[in-house]
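**Student:** Per full-length UniProt numbering, the very first residue in the sequence shown carries number 1; after that it's consecutive. Heads up, the beta-carbon is just placed ideally off N, CA and C, and yes, glycines get one too. The structure displayed is predicted, hence computed values, not measured ones.
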Amino acid sequence: MNGGKTYQIRTFGCQMNVHDSERLAGQLEEAGYVPAGAGDAPDLVVFNTCAVRENADNKLYGTLGHLRPAKDANPDMQIAVGGCLAQKDRGEIVKRAPWVDVVFGTHNIGALPVLLERARHNAEAEVEILESLETFPSTLPARRESAYSGWVSISVGCNNTCTFCIVPSLRGKERDRRPGEVLAEVEALVAEGVLEVTLLGQNVNSYGVEFGERDAFSKLLRACGGIDGLERVRFTSPHPAAFTDDVIDAMAETPNVCPQLHMPLQSGSDRILREMRRSYRSSRFLSILDKVRDRIPDAAITTDIIVGFPGETEEDFQATLDVVRQARFSSAFTFQYSKRPGTPAAELPDQLPKQVVQERYDRLVELVNEIAWDENKKLVGRKVELLVAEGEGRKDTETRRMSGRARDGRLVHFTPTGSAIDRSVRPGDIVETVVTYGAPHHLVADGDLLSHRRTRAGDNVEAGRRPKTDGVSLGLPSFGRPAPQPVTTGGCGL
Ligand code: SF4
1 MNGGKTYQIR TFGCQMNVHD SERLAGQLEE AGYVPAGAGD APDLVVFNTC AVRENADNKL
61 YGTLGHLRPA KDANPDMQIA VGGCLAQKDR GEIVKRAPWV DVVFGTHNIG ALPVLLERAR
121 HNAEAEVEIL ESLETFPSTL PARRESAYSG WVSISVGCNN TCTFCIVPSL RGKERDRRPG
181 EVLAEVEALV AEGVLEVTLL GQNVNSYGVE FGERDAFSKL LRACGGIDGL ERVRFTSPHP
241 AAFTDDVIDA MAETPNVCPQ LHMPLQSGSD RILREMRRSY RSSRFLSILD KVRDRIPDAA
301 ITTDIIVGFP GETEEDFQAT LDVVRQARFS SAFTFQYSKR PGTPAAELPD QLPKQVVQER
361 YDRLVELVNE IAWDENKKLV GRKVELLVAE GEGRKDTETR RMSGRARDGR LVHFTPTGSA
421 IDRSVRPGDI VETVVTYGAP HHLVADGDLL SHRRTRAGDN VEAGRRPKTD GVSLGLPSFG
481 RPAPQPVTTG GCGL
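1. Touch check for the stretch 222-233 and the stretch 261-268: three-plus C-beta pairs under 8 Å?
2. Measuring only from the beta carbon, is Cys158 closer than 7 Å to any heavy atom that is part of the ligand SF4?
3. Look up Val472 in the DSSP assignment and say whether it is helix, strand or coil.
4. Check each candidate in Val156, Gly428, Gln358, Leu261 and name the one with the smallest Cα separation from Gly150.
5. Looking at the unbroken beta strand (DSSP E) that takes in Asn48, where does it start and where does it end?
6. Have a look at Gln260 and Thr163 and give me their C-alpha separation to the nearest angstrom.
7. What's the call for Pro297, buried or exposed, on a 16-neighbour Cβ count within 10 Å?
8. Let's test the definition: count the other Cβ atoms within 10 Å of the Cβ of Glu126 and tell me whether it reaches 16, buried, or not, exposed.
9. Using C-beta distances below 8 Å, list every residue in its chain close to Gln78, excluding the 5 sequence neighbours before and after it, in chain order.
10. Under three-state DSSP, which class holds Met263?
11. Can you give the Cα-Cα distance for Thr436 and Trp99, rounded to whole angstroms?
12. Is the beta carbon of Pro310 sitting closer than 8 Å to the one on Asp350?
13. Count the other CB atoms within 10 Å of the CB of Phe211; is the residue buried (16 or more) or exposed (fewer)?
14. For Gly157, which of Arg426, Thr106, Gly404 has the nearest alpha-carbon?
15. Of the residues Leu387, Ala332, Ile421, Gly180, which one's Cα is nearest the Cα of Val307?
16. Phe285 lies in the alpha helix (DSSP H); which residues open and close that run?
17. Report the CB separation of Val81 from Phe47 in whole angstroms; it is logged as a contact under 8 Å.
18. Grab the span of the alpha helix (DSSP H) containing Ala188 for me, first residue to last.
19. With three or more C-beta pairs closer than 8 Å as the rule, is the stretch 343-358 touching the stretch 414-428?
20. Using a 10 Å radius around the Cβ and a threshold of 16 neighbouring Cβ atoms, would you call Ser330 buried or exposed?
21. Give a yes or no on whether the C-beta atoms belonging to Leu273 and Arg281 are separated by under 8 Å.
22. Please tell me whether, using a cut-off of 7 Å, the distance from the CB of His239 to the nearest non-hydrogen atom of the ligand SF4 is below it.
23. Judging by CA-CA distance, which residue of Ala188, His441, Gln87, Ala86 is the nearest neighbour of Ile227?
24. Among all the DSSP beta bridges, which residues are the ones paired with Leu273?
25. So what's Pro69 in DSSP terms, helix, strand or just coil?
26. In this structure, how does DSSP classify Lys442 when only helix, strand and coil are distinguished?
27. I need the boundaries of the beta strand (DSSP E) containing Lys383, first residue and last residue.
28. If you follow the beta strand (DSSP E) that Gln336 is in, where does it begin and where does it stop?
29. Which residues mark the beginning and the end of the alpha helix (DSSP H) in which Ser21 is found?
30. To test your reading of the DSSP string, which unbroken beta strand (DSSP E) runs of 3 or more residues are found completely within the stretch 96-178?
31. Please confirm whether any heavy atom of the ligand SF4 lies closer than 7 Å to the CB of Pro168.
32. Alpha carbons only, please: which of Gly404, Glu390, Asp396 is nearest the one belonging to Gln466?
33. By how many angstroms is the C-alpha of Ile109 removed from the C-alpha of Asp20?
34. Is the Cβ-Cβ distance between Glu29 and Arg144 less than 8 Å?
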């Protein structure tokens, strides 16, 4: 019905949104749409929005304003707005931008093709926002962005109530997917040549709460360990309050689970953690890191930190710096607190002046970078195995390097030279090399490669194919067409 109509999806926000966009693309292609070519004017533009950043709405309305002339020139063009900001602003969006055709929320992304059709047929805007999840997003088809690495949702929503975070009110209570369905999706991806999966949930450690199984997440990790051909398993995000030893054991004892942990700290001050309604304290946070390093000595641990939460004193901030010094993160996503309308923290007195927040932020970033650089320097001379990546090294053409991710998640720019190379190195292939330089945010490996393994993922990248998975129950996956999509990312709830 939509044969030949072209679409473009513009994604903002966290990995959850990036993955939802893969589902949106899968559905649109099933409905007959094809990705718009670079530089072409699409017949359909979908915004998958994020409500987390301050001014996100101003930016959205600004961008929608820019699209108005294109819509006036081509009335058949359609514009749809979904995601967290749509869930929050609802009908307001079509009031402020009446040239928008469809508004849909975070609970009904499966309805997009129908809503587009209805808007076209009725020649008026369709706004449909549901209060709770209609269909688990993973039951929808997906067109995957990567031939070698895939996201797999294990849960959506969050039962926590961090006072700075809008996620619980927009994404709702946690809903867990059954382990059998998760594993079937992982297997389907692996059958298509995918080598790495990232299990995705707002709080992966509470996975199982809905179906009453306490160790469900560690069991899931171990089950991933039994999938032939799955070389790397990652997950995001865990929560320090719910992080249990059985997960550390499963990480340490399952060879394909990567030695990497993203553990959101948010603040090192116990008083601020209480205000944030984060139920762990800094001592517990540090003890988890000790246990992880004891069992997995080479683990790279990353984090999220918010600076300038309302009421944060210099003493509180010093407590954060202290934890950062002890934790020795390999990198950190650092955020300046800003009010997010609709969150409890936005109502707190004692919001800090911008210059205080900025000055603390600068000091924090300096410390984080210094530690990350020190840690990276220690890796010089170390052999690393890399999954060769696409588009991760902006200067690669200039430097004649390629880029890849080590098993611990670190970004490594390497020189693709030496007799170990089998024909040519492609994204999706696996290489081994030795680190020759450590920079604050990446490593460099400039010697000849020690080994190169061609993979099916590499073949698929070379042929321009991307996996396209059906929804749950997962019939046979097939390949779709690639199209790069613009993406911005943030941390859990940020
Ligand atoms: S910050 Fe993370 S854990 Fe806290 S409420 Fe938001 S999504 Fe849940």
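**Tutor:** Quick answer:
1. Flag = no, the stretch 222-233 and the stretch 261-268 do not touch.
2. Checking the 7 Å criterion, the Cβ of Cys158 is within range of a heavy atom belonging to the ligand SF4.
3. Confidence is the limiting factor: at Val472 the pLDDT is only 45, short of 50, which leaves the residue's position unreliable, though a coordinate-based value still follows. Val472 falls in the coil class under three-state DSSP.
4. Comparing Cα-Cα distances from Gly150 to each of Val156, Gly428, Gln358, Leu261, the minimum goes to Gly428.
5. First-last of the beta strand (DSSP E) with Asn48: 44-49.
6. Near 27 Å, if we compare the C-alpha coordinates of Thr163 and Gln260.
7. The residue in question, Pro297, is exposed, as its Cβ has fewer than 16 Cβ neighbours within 10 Å.
8. With 16 or more other Cβ atoms within 10 Å, it is buried.
9. Once the five neighbours on either side are set aside, the close Cβ partners of Gln78 are Asp43, Leu44, Val45, Asp101, Val102, Leu116, Ala119, Arg120.
10. Assigned with DSSP and collapsed to three states, Met263 falls in coil, not helix or strand.
11. Thr436 and Trp99 have their C-alpha atoms roughly 54 Å apart.
12. Here Pro310 is near Asp350, since their CB atoms are less than 8 Å apart.
13. Taking all protein chains in view, the Cβ of Phe211 is surrounded by fewer than 16 other Cβ atoms within 10 Å, so the residue is classified as exposed.
14. For Gly157, the closest of Arg426, Thr106, Gly404 by C-alpha to C-alpha distance is Thr106.
15. With distances taken between Cα atoms, Val307 lies closest to Ala332.
16. In the DSSP annotation of this structure, the continuous segment of the alpha helix (DSSP H) that includes Phe285 starts and ends at 282-295.
17. Confirmed, Cβ separation roughly 5 Å.
18. Unbroken alpha helix (DSSP H) run through Ala188: 179-191.
19. The stretch 414-428 is not in contact with the stretch 343-358.
20. Looking at its Cβ environment, which holds 16 or more other Cβ atoms inside 10 Å, Ser330 is buried.
21. Note that the C-beta distance between Leu273 and Arg281 is below 8 Å.
22. Yes; taking the cut-off as 7 Å, the Cβ of His239 has a heavy atom of the ligand SF4 nearer than that.
23. Relative to Ile227, the option among Ala188, His441, Gln87, Ala86 whose CA is nearest is Ala188.
24. Beta-bridge pairing links Leu273 to no other residue.
25. Reduced to three states, the DSSP call for Pro69 is helix.
26. In the sequence on display, residue 442 carries His and not Lys. Here DSSP, grouped into helix, strand and coil, assigns His442 to coil.
27. In this chain, the beta strand (DSSP E) harbouring Lys383 covers 383-388.
28. Gln336 -> beta strand (DSSP E) spans 331-336.
29. In the DSSP assignment, Ser21 falls within the unbroken alpha helix (DSSP H) covering 15-30.
30. Annotation: the stretch 96-178 contains the following complete segments of the beta strand (DSSP E) (minimum length 3 residues), in chain order: 102-104, 126-128, 149-153.
31. The answer is yes for Pro168.
32. Checking the sequence shown, residue 466 turns out to be Arg, not Gln. Between Arg466 and the set Gly404, Glu390, Asp396, the nearest pair of CA atoms involves Glu390.
33. The alpha-carbon atoms of Asp20 and Ile109 are separated by roughly 8 Å.
34. Contact flag unset, no.
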